[in-house]
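What follows is a short report on a single structure.
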Amino acid sequence: MIMLMAMALAAAGPTKEETKLLRPIKDTPTVQLDLNGAYILLRSPAPAAINLFRLATPPEVEDYRARRSQALTKAHAKWVKQHALWKQDLQDWKDNPVGKQAPEEPLEPTDGNLDFAPLDQENLLGFGPLNRFAKDSEGTSTYLQRVWPGRYVLYGSIFINPNGGGTGVCVCMGTVAFDAKAGEITDVGSVMVSATDALIYPRMLEKAKPEDVEGLRSGAITMMRLTPSSGTMPVDPRLASYKIVPATYRAAGPVPNYYGVQVDRLTAIPGVLAYDRDKIVDVASGPAGH
Amino acid sequence: MRLAAVLAVLACCAQWAEAATDAANAPNVPDPAKLELPDLSAPTSAGDEGDFDKYFYFHRAETTFEQALADIRECDGYARGLASPYGYQEAPYPYTYTMAGAIGGAIANMLVAAIFGSAELRKARRTNMRRCMNYKGYDRYGLNKDVWQKFNFEEGLNRVDEDDRQLMLAKQAKAAAMIQPVGRILGR
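In the order they appear, the protein sequences are chains A and B. In terms of my numbering, the first sequence is residues 1 to 290. In terms of my numbering, the second sequence is residues 291 to 478.
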């Protein structure tokens, strides 16, 4: 219960004004960061979309419930009117069914079928492929973004359709989470994304590095790989005066496939993330998730 | 502030209670003895082998029917984009059993299908099922298409009726747990 109280006392999410401050840091000759802000830095060997979401705090969950409940009430009121019209249409059809199909009964909106984006989707962040902070001579892209302090889950690589759905991959069956704290740049390390795997495109094995072939074939190497920041990864000199802290990971997941994309898991990370079949193992502390 | 904290705790507990209710509403576990399967040991032809990436069944030794059914339903949930709307939680229940999740990726993906076509959506479902079941330690065995169609479904632009889906998933679970597999193990 003490833990629950502590969770409940966690800060609510950002206001609309604060949300405006949360954005990628662009590649400009000089960089001015807010010393009180939280930032996430990550790298990718090639330009890629990389998605994280922030875990909602209990007050945010409560706020979400209220908004969802309101939306359901509104949708249901609309349905009541539509249903009355349908009843009349049905009676008209019964009186004179020639040449027409029976009108279809409108589906009653419920909490189970309400079209209302899940909370994690509201808290989803996208890094790349645009808005790159830096690119080095080897082609590595660096992304830097101001974020709301909290715990973040590496979710996948998804190109999201603004009208719904997306394409790409989620690491729904196993991933990592880390904390991003105010006053720090949290260095996530390097995230390598592959748009396909040997299941989708078997011929990729022919072009793979010899040392990767068996892992790609067996599934040990997945569509997303994370190399944690060891503190030795180069850091852009424009950030030299800021506090940069390597992310401390814990295993996380499973996570729903919110966008109906390819489902995969993060490649195991020595000392951090392992798998016992589909069981996600936090190497430091034991099984994670359920 | 203190009141807000208490309310938030109550909300959190209510969320877990709701999860438990959802789990209670999970589809029933049918009696496997009443599930009819075709003869999976029927010989396959060289022509069939070319389509083993599409037509196959899963099997894992020392697995109960109940466990196989839970695994197949979970993978089906991933493949169709089921999700509880209330966000990530390390709750001790499989979210894929909650019909509250039938929105999310399931509906949104129809827009993707409209762009890429139904065939791509069917292929995506197959690869998701194969990847998920492979991670769970199931092997794959090839089947003739006609045999496969008797207890499997493909899903593209047209959604599969929920009762039909659950019946076929249960039959697949019976094959996964209770049938002595025949033939060679295919790759994942």
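Just so it is clear, CB atoms sit at the ideal spot from N, CA and C, and this is done for glycine as well. All figures in this text were calculated on a predicted structure; none of them were measured in a lab.
Go ahead and pull the three-state DSSP assignment for residue i.
i: A/D291; result: This structure does not reach residue 291 of chain A, given that chain A is present from 1 up to 290, and the question cannot be answered.
i: A/P246; result: strand
i: B/G462; result: In the sequence as presented, Gly is not what sits at residue 462 of chain B; that position holds Gln. The answer is helix: DSSP assigns B/Q462 an H, G or I state.
i: A/V188; result: strand
i: A/I200; result: coil
i: B/A314; result: For B/A314, the pLDDT reaches just 42, beneath the cut-off of 50, and the residue's location in the model is therefore unreliable, although a value from the coordinates is still provided. Looking at B/A314 - three-state DSSP - the assignment turns out to be helix.
i: B/I469; result: coil
i: B/L330; result: coil
i: B/M419; result: helix
i: A/L266; result: strand
i: B/F441; result: coil
i: A/T232; result: coil
i: A/S241; result: coil
i: A/T73; result: helix
i: A/A195; result: coil
i: B/N448; result: coil
i: A/K16; result: helix
i: B/I475; result: coil
i: B/A369; result: helix
i: A/A38; result: strand
i: B/S335; result: coil
i: B/D341; result: coil
i: B/D321; result: coil
i: A/Q32; result: coil
i: A/G215; result: helix
i: B/L411; result: helix
i: A/A56; result: coil
i: A/P162; result: coil
i: B/K435; result: helix
i: A/Y64; result: helix
i: A/K207; result: helix
i: B/N424; result: helix
According to DSSP, what are the bridge partners of residue i?
i: B/H349; result: B/D429
i: A/P24; result: A/Q145
i: A/G271; result: Note: A/G271 sits in no beta bridge, so no partner.
i: A/A252; result: A/T175
i: A/M223; result: According to DSSP, A/M223 bridges with nothing at all.
i: A/C170; result: A/G156, A/V263
i: A/R43; result: A/T142, A/S190
i: A/I50; result: A/F127
i: A/R151; result: A/D179
Below 8 Å on the Cβ atoms is my guess for residue i versus residue j; work out the distance and round it to an integer in Å.
i: A/L107; j: A/L52; result: With a Cβ gap of about 34 Å, A/L107 and A/L52 do not count as contacting.
i: B/K412; j: B/E445; result: With the sequence shown as reference, residue 412 of chain B is identified as Arg, and Lys is not the correct amino acid for it. Contact holds; Cβ gap of about 6 Å.
i: A/R146; j: A/L21; result: 6 Å
i: A/G166; j: A/Y259; result: 4 Å
i: A/V193; j: A/I50; result: 7 Å
i: B/A466; j: B/F348; result: 5 Å
i: B/P350; j: B/D429; result: The residue you asked about is not Pro; residue 350 of chain B is Arg in the sequence shown. Contact holds; Cβ gap of about 7 Å.
i: B/A463; j: B/F355; result: 6 Å
i: A/G231; j: A/L35; result: Not really, about 21 Å apart at Cβ, beyond 8 Å.
i: B/I469; j: B/L330; result: 6 Å
i: A/M169; j: A/M204; result: Strictly speaking, residue 169 of chain A in this sequence is Val, with Met absent from that position. Not confirmed; about 14 Å, so no contact.
i: A/A180; j: A/P149; result: 6 Å
i: A/P47; j: A/A12; result: Their Cβ separation, rounded to whole angstroms, is 34 Å, which puts A/P47 and A/A12 out of contact at 8 Å.
i: A/M173; j: A/V263; result: 6 Å
i: A/L41; j: A/L144; result: 5 Å
- Query: Considering only residues of the region 80-137 of chain A, which uninterrupted alpha helix (DSSP H) runs meet the minimum length of 4 residues and lie entirely inside it, listed in chain order?
  - Reply: 119-122
- Could you run through the region 233-248 of chain A and flag, in chain order, every residue whose CB is less than 9 Å away from some CB of chain B? Using a CB distance below 9 Å, no part of the region 233-248 of chain A faces chain B.
- Task: Can you give me, in chain order, the residues of the region 406-429 of chain B that have a beta carbon less than 7 Å from any beta carbon in chain A?
- Result: A414, T417, N418, R420, R421, C422, N424, Y425, K426, G427
- Task: Please list the residues of the region 191-209 of chain A that have a C-beta atom closer than 7 Å to any C-beta atom in chain B, keeping them in chain order.
- Result: L199, I200
- Compile a chain-ordered list of the residues in the region 154-167 of chain A whose CB is closer than 8 Å to at least one CB of chain B. N161, N163, G164, G165, G166, T167
- Task: Return the residues of the region 447-467 of chain B that lie within a Cβ-Cβ distance of less than 7 Å from chain A, sorted by chain order.
- Result: none
- Query: Looking at chain B, which residues of the region 249-268 of chain A have a Cβ within less than 9 Å of any of its Cβ atoms?
  - Reply: A252, G253, P254, V255, P256, N257, Y258, Y259, G260, V261, Q262, V263, D264, R265
- For the region 168-180 of chain A, enumerate the residues whose C-beta is nearer than 7 Å to any C-beta of chain B, in chain order. For the region 168-180 of chain A, the set of residues with a beta-carbon nearer than 7 Å to any beta-carbon of chain B comprises C172, M173, in chain order.
- Message: Closer than 8 Å between beta carbons: that is the criterion. Which residues of the region 217-233 of chain A meet it against chain B?
- Response: R217, S218, G219
- Message: Residues of the region 272-284 of chain A in Cβ contact with chain B at a cutoff of 9 Å, in chain order, please.
- Response: Within the region 272-284 of chain A, contact with chain B at the beta-carbon level (separation under 9 Å) is assigned to Y275, R277, D278.
- Report the residues of the region 429-442 of chain B with a CB closer than 8 Å to any CB of chain A, ordered along the chain. So nothing in the stretch comes that close.
- Task: Could you list the residues in the region 333-355 of chain B with a C-beta less than 9 Å from some C-beta on chain A, going in chain order?
- Result: D343
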